[in-house]
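In our numbering, the protein residues as written are -11 to 76.
All C-beta atoms, glycine included, are put in the ideal place defined by N, C-alpha and C.
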Amino acid sequence: MSLLNALGLPEEIIHATEDHDRKTILWNPPRTLADIVHIANMLAGSNSAWLHQGRTAHDHAKAQAVAAFEHLIPEIDALAEKMRNDLT
């Protein structure tokens, strides 16, 4: 978070990234920016997924997120590819 703050990002974004890999409640539709960051983290596979091995609540929340939002993955992938192309 200190890096995001040092980069001058808005406080709303900094707070949305706090505990992005620890929430277990899935709001559908998402209610806050933090909800969106959390869902995106689960859909992306979460780099810290190994920390949650054997944690049923996390596994259940991830399964819920995938079931509810997997239809967005092709669009997300296309936008990510466009962004990569625009930045190179």
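- When DSSP states are grouped into helix, strand and coil, residue 2 belongs to the helix group.
- One alpha carbon belongs to residue -5, the other to residue 53, and they sit about 30 angstroms apart.
- Residue 19 sits in coil when the DSSP states are folded into three classes, being neither helix nor strand.
- With respect to the C-alpha of residue 51, the residue from 29, -8, 64 having the closest C-alpha is 29.
- Straight across, the Cα-Cα distance linking residue 61 with residue 24 is about 14 angstroms.
- The residue among 32, 33, 8, 59 with its C-alpha nearest the C-alpha of residue 21 is 8.
- Annotated as distal: residue 68 and residue 14, with beta-carbon spacing of 9 angstroms or more.
- The alpha-carbon of residue 56 is positioned some 28 angstroms away from that of residue -2.
- Taking C-beta atoms under 8 angstroms as the contact rule, residue 5 and residue -8 qualify, at a distance of about 7 angstroms.
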